[in-house]
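J.: Got a structure for you, questions after.
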Amino acid sequence: MKKLLVGPVEIPNFVLEAMNYPSFSHRTPEYEKIQKKVENQLRKVFGTTQEIFVLTSSGTGAMEASIANCFSPGDHVLVPLVGNFSRQFAHMAKAYGLDVEEVVFDYGEAANPERVKKLIRPDTKGILLTHNESSTGIQNDLEAFGKITRNTDVLLIVDSISGAAGLPLFMDNWGIDVLLTASQKCLMSPPGLSFISLSDKAWRRVEESTLPKFYYDLKSYKKFNEVHQTPATPGIYTLLAVSAALDFIEDEGYEEVWERTASNAEKLRTGLVEMGFQLFVKDLESASDTLTTVYIQGRSKQVQQKLVEKGFLVAGGLTPYAEDTLRIGTMGYVFMQDIDELLEAMKEVKDELDL
Ligand SMILES: *Cc1c(COP(=O)(O)O)cnc(C)c1O
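With the working numbering, the residue at position 319 of the sequence shown is 343, and numbering never jumps.
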């Protein structure tokens, strides 16, 4: 079964094998060496010279860390709503007592930076932005948002859980203040770890933040990072997996992986449209390269089932489009041949279901 999923994605064998390793302690040079290497490789993925912190949580934990460390109760933040994951970011900020202003965009549409910019007030403290919205299949223009927040007091906080290691990222050059991702998407590893990095501007805000935090207290992580350790026991085995995945990515080349991801997605979109399928994204310019959402009104579950019979596992849609969309992942271990074969299968399914 070829899995073209959107997380957790298929784990290649060499990544699985990296976890077949004798137990060891995270307070040893053996561990420190691995974490240090992963930090260095993730700097390339993020496009930063800042420190990378290893959190033992899914991506949601890193999202929570970004809020708990950078804000104080009542802080005004803008959250461009482009789908379910950005909505979750907004809910989380509300749970922490922030003054959350949602900027709603249509499903399938990317966030318009100019519209968000107009809503920035003198007391606005941050923009919580989803890099790649995995529920709809759009990618936001981080560089444009960075231009808005740079030289202001507004922190640009980016959830790149389904973007990092698949999409180009230039945290420092684009002026991203907090960037976070997780192990089970483009890093093609098991779930369990998330990674976060902060700009100098974000660190200054950490000093002022009065929200309660302990497990996700990034000042504590910073201290332990001096020796490439974490405050509590990390998910060592997921780290071994991520380390092997990053070696693979480094061998291929960080930019080459972005290019492979983009050309796979381009091929997939073109092939689907030529066949008469409709894409969910409103404007191809903002189509995600790590997942493609196909709109098949009322019949996406049937198509998903037919694809299983043909050896392909793709992701279903999310509410409110659970019955109408399919999400095809091009993150991680996906190559052009997989796309060609999937397109063949989609053609057969189209004929069989008379779509
Ligand atoms: C998967 C995903 C999440 C949720 O991450 P978990 O690792 O499941 O906590 C959040 N945001 C985006 C954009 C995602 O793709």
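Even glycine gets a Cβ: it sits at the ideal position worked out from N, Cα and C.
Span of the alpha helix (DSSP H) holding GLY170?
T.: Position 146 of the sequence shown, counted from the first residue, corresponds to residue 170. That run of the alpha helix (DSSP H) goes 166-173.
J.: Count Cβ pairs between the stretch 148-156 and the stretch 106-117 that sit closer than 8 Å; are there 3 or more?
T.: These segments touch.
J.: Going by beta carbon distance, what residues of the same chain come within less than 8 Å of PHE48, once the five residues before and after it are set aside?
T.: In the sequence shown, residue 48 corresponds to position 24, counting from 1. Correct list, in chain order: GLU54, TYR55, ILE260.
J.: On the DSSP letters alone, give me the boundaries of the alpha helix (DSSP H) that LEU292 sits inside.
T.: Indexing the sequence shown from 1 puts residue 292 at position 268. Unbroken alpha helix (DSSP H) run through LEU292: 278-299.
J.: Given a cut-off of 8 Å, decide if LEU217 and SER207 are closer than it, judged by their beta-carbon atoms.
T.: The residue given as residue 207 occupies position 183 in the sequence shown. The residue given as residue 217 occupies position 193 in the sequence shown. Cβ distance < 8 Å, so SER207 and LEU217 count as in contact.
J.: Any idea what DSSP makes of GLN74, helix, strand or coil?
T.: Taking the first residue of the sequence shown as 1, we reach residue 74 at position 50. Here GLN74 sits in coil by DSSP.
J.: Assign ARG139 to one of three DSSP states: helix, strand, or coil.
T.: Residue numbering aside, residue 139 sits at position 115 when the sequence shown is read from its first letter. Residue state, collapsed to three classes: helix.
J.: Looking only at DSSP bridge pairs, what is GLN302 linked to?
T.: Indexing the sequence shown from 1 puts residue 302 at position 278. DSSP, once it has assigned bridges, lists TYR319 as partnering GLN302.
J.: What did DSSP end up calling SER207 once you bin it into helix, strand or coil?
T.: Here residue 207 refers to the residue found at position 183 when the sequence shown is read from its first residue. Coil, per DSSP.
J.: Mind pulling the beta strand (DSSP E) runs of 3 or more residues that sit fully within the stretch 49-103?
T.: Segments of the beta strand (DSSP E) lying fully in the stretch 49-103: 77-79.
J.: Within this structure, are the beta carbons of PHE272 and PHE38 separated by less than 8 Å?
T.: To locate residue 272, count along the sequence shown from 1; it is residue 248. To locate residue 38, count along the sequence shown from 1; it is residue 14. Cβ distance < 8 Å, so PHE272 and PHE38 count as in contact.
J.: Quick one: any contact between the stretch 288-300 and the stretch 84-98, if contact means 3 or more CB pairs under 8 Å?
T.: Contact between the stretch 288-300 and the stretch 84-98 is absent, because fewer than three Cβ pairs lie under 8 Å.
J.: Identify every residue that forms a DSSP beta bridge with GLU126.
T.: In the sequence shown, residue 126 corresponds to position 102, counting from 1. The partner list for GLU126 (beta bridge, DSSP) reads VAL103.
J.: Taking its Cβ as the centre, do 16 or more other Cβ atoms sit within 10 Å of PHE238, making it buried, or is it exposed?
T.: Along the sequence shown, read from residue 1 onward, the residue named residue 238 stands at position 214. With fewer than 16 Cβ atoms within 10 Å of its Cβ, PHE238 is classed as exposed.
J.: With distances taken from CA atoms, which of GLU365, MET87, LYS291 is nearest LYS118?
T.: In the sequence shown, the residue the question calls residue 118 occupies position 94. Out of GLU365, MET87, LYS291, MET87 has the C-alpha closest to the C-alpha of LYS118.
J.: Would you check if the distance between the CB atom of ARG139 and the CB atom of HIS100 is smaller than 8 Å?
T.: Within the sequence shown, residue 139 is the residue found at index 115, counting from 1. Within the sequence shown, residue 100 is the residue found at index 76, counting from 1. In this structure, HIS100 does not lie closer than 8 Å to ARG139 by Cβ.
J.: Which value, in whole angstroms, describes the spacing of the CA atoms of GLU333 and SER81?
T.: Here residue 333 refers to the residue found at position 309 when the sequence shown is read from its first residue. Here residue 81 refers to the residue found at position 57 when the sequence shown is read from its first residue. Between GLU333 and SER81, the C-alpha separation is close to 34 Å.
J.: Going by alpha carbons, who is nearest to VAL318 out of PHE336, GLN329, GLY341?
T.: For the purposes of this step, residue 318 is identified with residue 294 of the sequence shown, where counting begins at 1. Among PHE336, GLN329, GLY341, the Cα nearest to that of VAL318 belongs to GLY341.
J.: State buried or exposed for LYS247, treating a residue as buried only when at least 16 other CB atoms are found within 10 Å of its CB.
T.: In the sequence shown, residue 247 corresponds to position 223, counting from 1. By the 10 Å Cβ count, LYS247 comes out exposed.
J.: Check whether the stretch 312-327 touches the stretch 346-366, counting contact only when three or more Cβ pairs, one atom from each stretch, lie closer than 8 Å.
T.: The answer is yes - the stretch 346-366 touches the stretch 312-327, with three or more Cβ pairs under 8 Å.
J.: Between the stretch 28-46 and the stretch 222-237, are three or more C-beta pairs nearer than 8 Å?
T.: The stretch 28-46 is not in contact with the stretch 222-237.
J.: I need the straight-line Cα distance from PRO104 to LEU122, nearest angstrom please.
T.: The residue given as residue 104 occupies position 80 in the sequence shown. The residue given as residue 122 occupies position 98 in the sequence shown. Cα to Cα, the separation comes out at about 15 Å.
J.: Roughly how many angstroms separate the alpha carbons of SER184 and VAL128, rounded to a whole number?
T.: Here the question's residue 184 lines up with position 160 in the sequence shown. Here the question's residue 128 lines up with position 104 in the sequence shown. C-alpha separation (whole angstroms): 19 Å.
J.: Quick test of your reading: TYR278 and LEU79, contact by CB under 8 Å. State the CB separation rounded to the nearest angstrom.
T.: Numbered from its first residue, the sequence shown carries residue 278 at position 254. Numbered from its first residue, the sequence shown carries residue 79 at position 55. About 22 Å separates the two Cβ atoms, so there is no contact after all.
J.: Taking only the alpha-carbon atoms, compute the straight-line gap between GLN74 and ARG67 and give it to the nearest angstrom.
T.: As a working mapping, residue 74 is identified with position 50 in the sequence shown. As a working mapping, residue 67 is identified with position 43 in the sequence shown. Approximately 7 Å between the Cα atoms of the pair.
J.: Do LEU315 and MET370 count as a contact pair if the criterion is CB distance below 8 Å?
T.: Along the sequence shown, one-based indexing puts residue 370 at 346. Along the sequence shown, one-based indexing puts residue 315 at 291. No, the Cβ-Cβ distance between MET370 and LEU315 is not below 8 Å.
J.: According to DSSP, simplified to helix, strand and coil, what is ILE151?
T.: Within the sequence shown, residue 151 is the residue found at index 127, counting from 1. Residue state, collapsed to three classes: strand.
J.: Would GLY420 and ILE162 be called neighbours here (beta carbons separated by less than 8 Å)?
T.: Since the first residue of the chain shown is 25 and the last is 379, residue 420 is not available in this structure.
J.: If I follow the unbroken beta strand (DSSP E) through ILE181, where does it start and stop?
T.: Locating residue 181 in the sequence shown gives position 157, counting from the first residue. Segment 179-183, the beta strand (DSSP E) holding ILE181.
J.: For ALA226 and LEU179, I'd like the C-alpha separation in whole angstroms.
T.: Mapped onto the sequence shown, residue 226 falls at position 202. Mapped onto the sequence shown, residue 179 falls at position 155. Each residue's Cα considered, the two are about 7 Å apart.
J.: How big is the Cα-Cα spacing for GLU290 and THR52?
T.: As a position in the sequence shown, residue 290 is number 266, starting the count at 1. As a position in the sequence shown, residue 52 is number 28, starting the count at 1. So the two alpha carbons sit approximately 45 Å from each other.
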